[in-house]
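K.L.:
Protein chains in written order, with the working numbering: chain A, 20 to 120; chain B, 96 to 770.
This is the structure I have questions about; it appears just below.
What follows is the structure, given as structure tokens:
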């Protein structure tokens, strides 16, 4: 079954993303890790779309939506990080604890 | 029906009393105009109501004479049930409009209107002018409440309210101890009678389980008590005699009449309104109200006749030796009240007709005496004399009032007193004969003391100080207006067959069978005899007083021991104050009462107070502070504490949140996979 390769790859990529989100201290890297997770999801969508083989290519079409939303999310996320940097002169995510009790 | 709105008649003076009390001094006339407007409106309403009621009664009489025996006398009774606040006693707030009530409305509102107009002149410049008009309105309301009530409970409330107003008005000039003493005496003496009234009302309630006058009357007429048991006549007689004790106190009958002459300490308009025309007739009104019940007890009726007869003669004699003109009128009032009370024993119509006519001419006489006092600044006839020339209006109206009181035909008092004597003649028996003899002699005495007063006041030379002058217009006009009914009102009840079905007797009947059973009769020899006796009194008075002698030469005051007995009022006051009050009440009884008060009642009150204090403290300490406050505080503390525990979840670390998210998703995924 050829689909096992892309799915395994996507799972590994997702795990890398999760690791990046949880372990990295640099906000830009956290954001990039989120993008990795999104990419993993996109690969899964394309793969399952191929397996299902429907005529209108639902999976592939949704992959395009995810890419578009990912681009928007990066835009917003980078904006937040930029403001964070301007206000605190750092992008260390541990320092951004305004929501602490 | 207009009588549906009769509740407005007492309501208007009640509102005006309230308005005067709260805002009286802000009005341009200091509240007098409010009282006068309210009572004038009430008087108009009373006239309209009376036209309806009297017309219906006359129509009922005509219907019966045309053979329609289903016709009934007018009665409009309606009530608000106050059971939710009255407990199980069936207390109502209701009106009972019949001929008697309509007549009383007319009398009370008309005299009250005249007296209030008069007071604007008489009380002018008094420091408590507004307060005076408030009390007059309050009194008018109370009296009308007494009249309108459809149950004995309301009658009792009105009865006590008029007593309070009387007390306040007798002691109106309380700066002088004599006046406040008179007020206390009046209050306590009538209160003694009121005990009887309360006992009587409670006894009637016990017998009939209702305060409603109509229900009591129909029960008695059916001869049953509550629950259909046969009527206990002995108990009924007891109840009626105790009720009559209330009437004896309020209507100043022997032996509780002593307060009324002292009550003249109040302002003269008050004497006219309360102590001549209206409040003192409350006892007569009460008997008339319960007339069918009184008819069921011959014993009570006999007692009424005897007490009334004694009173009328005894008070008439006392009027002979008075120097104070108001006291002459006061004793004359007591005497006339005796006529009314005694008359009720034989004839319902005679009693209330005399009440009606007497209200007008006695109010006129009192207002006239007020006009005299206003002019000479003294109550004493020894300070008057020769006032005919300077005070013509007062003189002529006073003469009209006097001849009406002395029962000279054709003035009002003649017709009503003739009705009384004719009733006594028709009633017969020893009580009837007693009233007949004493009433005839009393009529002569009445004519004599009024002649004496007239000559002492108006004839001869002026013996007082300063220059007397006629009173202001506000005081003259009420005299003139009152002189009209004093002269003419007797014609509404001519004792002839042709006038009977459309006259006063028909207007005010309480029951058509009673009306039909008491046809008009004019006993020529009786009317002639009573007129002759009155004229004899007049001639004797004229012979003795034509020269208007001074006090030292007054024949009435130079009769040796007889004068002494009369001047000391038969020593009744001494009996009350010295024997009863001083020896019994003030020493033994007072000490015993004090001991009881100090050792028993105070102790109980004290212990109750301490107990209440302890209970309160315990409640505060345990229930409030520990229980309720503890629970409230506990809620707050536990919320604070649990919040302190879970606040650590809010670390502010984004990666901690993300980790939690992943763990959560993983757990859910696992659960779904297992499921």
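Each residue gets a CB set at the ideal place from its N, CA and C atoms; glycine is no exception.
Please read these numbers as outputs of a predicted model, since none were measured by experiment.
1. Please state whether DSSP places residue 319 (chain B) in a helix, a strand or coil.
2. Given a cut-off of 7 Å on the beta-carbon distance, is the pair residue 555 (chain B) and residue 655 (chain B) in contact?
3. Which residue spans inside the segment 192-280 of chain B form an unbroken beta strand (DSSP E) run of at least 3?
4. Going by Cα to Cα distance, which pick from B:207, B:268 and B:469 is closest to residue 224 (chain B)?
5. Could you tell me whether any non-hydrogen atom of the ligand FMN is closer than 6 Å to the CB of residue 434 (chain B)?
6. Mind checking who residue 175 (chain B) pairs with in its DSSP beta bridge?
7. Sorted by chain position, which residues of the same chain lie with C-beta nearer than 7 Å to residue 103 (chain B)'s C-beta, five sequence neighbours on each side aside?
8. Under the rule that 16 or more other beta-carbon atoms within 10 Å means buried, what is residue 439 (chain B), buried or exposed?
9. With a cut-off of 7 Å, does the C-beta of residue 749 (chain B) fall near any C-beta of chain A?
10. Of all the alpha helix (DSSP H) runs that stay within the bounds of the segment 661-742 of chain B, which reach a length of 4 or more residues?
11. When the Cβ atoms of the segment 423-439 of chain B are set against those of the segment 534-548 of chain B, are three or more pairs found closer than 8 Å?
12. Looking at the strands, I want to know which residues DSSP matches up with residue 325 (chain B).
13. Considering only residues of the segment 363-394 of chain B, which uninterrupted beta strand (DSSP E) runs meet the minimum length of 3 residues and lie entirely inside it, listed in chain order?
14. How about residue 755 (chain B): is its C-beta nearer than 7 Å to some C-beta of chain A?
15. So the alpha helix (DSSP H) residue 514 (chain B) belongs to, where does it begin and stop?
16. The alpha helix (DSSP H) with residue 558 (chain B) in it runs from where to where?
17. Going straight from the alpha carbon of residue 692 (chain B) to that of residue 252 (chain B), what length do you get?
18. Could you tell me whether the Cβ of residue 41 (chain A) comes closer than 7 Å to any Cβ of chain B?
19. Let me check understanding here. Comparing Cα to Cα, which of B:479, B:337 and B:433 lies closest to residue 419 (chain B)?
20. Give a yes or no on whether the minimum CB-CB distance between residue 73 (chain A) and chain B is below 7 Å.
21. Taking 7 Å as the CB-CB limit, is residue 99 (chain A) close to chain B?
22. Of all the options B:226, B:371, B:192 and B:700, which has the alpha carbon lying nearest to the alpha carbon of residue 117 (chain B)?
23. Who pairs with residue 111 (chain A) in a beta bridge, going by DSSP?
24. For chain A, check one thing: does any of its Cβ atoms lie closer than 7 Å to the Cβ of residue 720 (chain B)?
25. With DSSP collapsed to three states, give me the class of residue 357 (chain B).
26. Quick one: what's got a C-beta closer than 6 Å to residue 250 (chain B)'s C-beta in the same chain, skipping five residues either side?
27. Of all the alpha helix (DSSP H) runs that stay within the bounds of the segment 427-512 of chain B, which reach a length of 4 or more residues?
28. Please report the distance separating the alpha-carbon of residue 622 (chain B) from that of residue 513 (chain B).
29. Using a Cβ-Cβ cut-off of 7 Å, state whether residue 62 (chain A) counts as contacting chain B.
30. Are the C-beta of residue 120 (chain A) and some C-beta of chain B separated by less than 7 Å?
31. If you draw a straight line from the alpha carbon of residue 94 (chain B) to that of residue 113 (chain B), how long is it in whole angstroms?
32. Can you look up residue 771 (chain B) in the DSSP assignment and give me helix, strand or coil?
33. DSSP three-state call for residue 419 (chain B): helix, strand or coil?
34. For a test of the three-state rule: what should DSSP assign to residue 595 (chain B), helix, strand or coil?
35. Shortest alpha-carbon distance to residue 50 (chain A) belongs to which of A:69, A:82, A:25 and A:94?
36. Compare the C-alpha of residue 619 (chain B) against each of B:504, B:237, B:483 and B:697 and name the closest.
P.N.:
Let me spell this out:
1. strand
2. no
3. none
4. B:268
5. For the ligand FMN, the structure offers nothing, since it holds no ligand at all.
6. B:188
7. 140
8. buried
9. yes
10. 685-691, 697-713 and 724-741
11. yes
12. B:319
13. none
14. no
15. 507-522
16. Looking at the DSSP string, residue 558 (chain B) is not in any alpha helix (DSSP H), and its letter there is neither H nor E.
17. 28 Å
18. yes
19. B:479
20. no
21. no
22. B:226
23. A:45
24. no
25. helix
26. 241 and 244
27. 443-471 and 487-500
28. 6 Å
29. no
30. yes
31. Outside the displayed span of chain B (96 to 770) sits residue 94 (chain B), for which this structure offers no information.
32. Residue numbering for chain B in the displayed model covers 96 to 770; residue 771 (chain B) lies beyond these limits and cannot be assessed.
33. strand
34. helix
35. A:94
36. B:504
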